[in-house]
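Novice: Take this structure, written in structure tokens, and hold onto it; I'll ask about it next.
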């Protein structure tokens with residue numbers, strides 16, 4: 001089972017990288033793109049492992 005805190009930690013790390021690279025506005029865009037990209041993966045993994 002994947003821990004939600006691990007996913008949150010990865011997302012926060014990616015946010016930090018995006019903020020350093022693109023600034024605050026770019027980080028919010030990158031965050032939305034990451035959510036859109038990760039949502040099917042998270043759903044698939046939760047169904048597969050659940």
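In the UniProt record's numbering, the protein residues as written are 1 to 50.
Just so you know, even glycine gets a beta-carbon here, dropped at the ideal spot from N, CA and C.
1. For residue 42 versus residue 7, is the C-beta distance shorter than 8 Å?
2. Say yes only if the C-beta of residue 3 is nearer than 7 Å to one or more non-hydrogen atoms of the ligand HEM, and no if none qualify.
3. Would the beta-carbon of residue 18 fall within 8 Å of that of residue 9?
Specialist: Once the coordinates are examined:
1. On the chain shown, residue 42 is found 42 positions in, with the first residue counted as 1. On the chain shown, residue 7 is found 7 positions in, with the first residue counted as 1. Their beta carbons are under 8 Å apart, which means residue 42 touches residue 7 by this criterion.
2. No copy of the ligand HEM occurs in the structure displayed, which carries no ligand at all.
3. Counting from one through the chain shown, the residue named residue 18 turns up at place 18. Counting from one through the chain shown, the residue named residue 9 turns up at place 9. No, they are not a contact pair.
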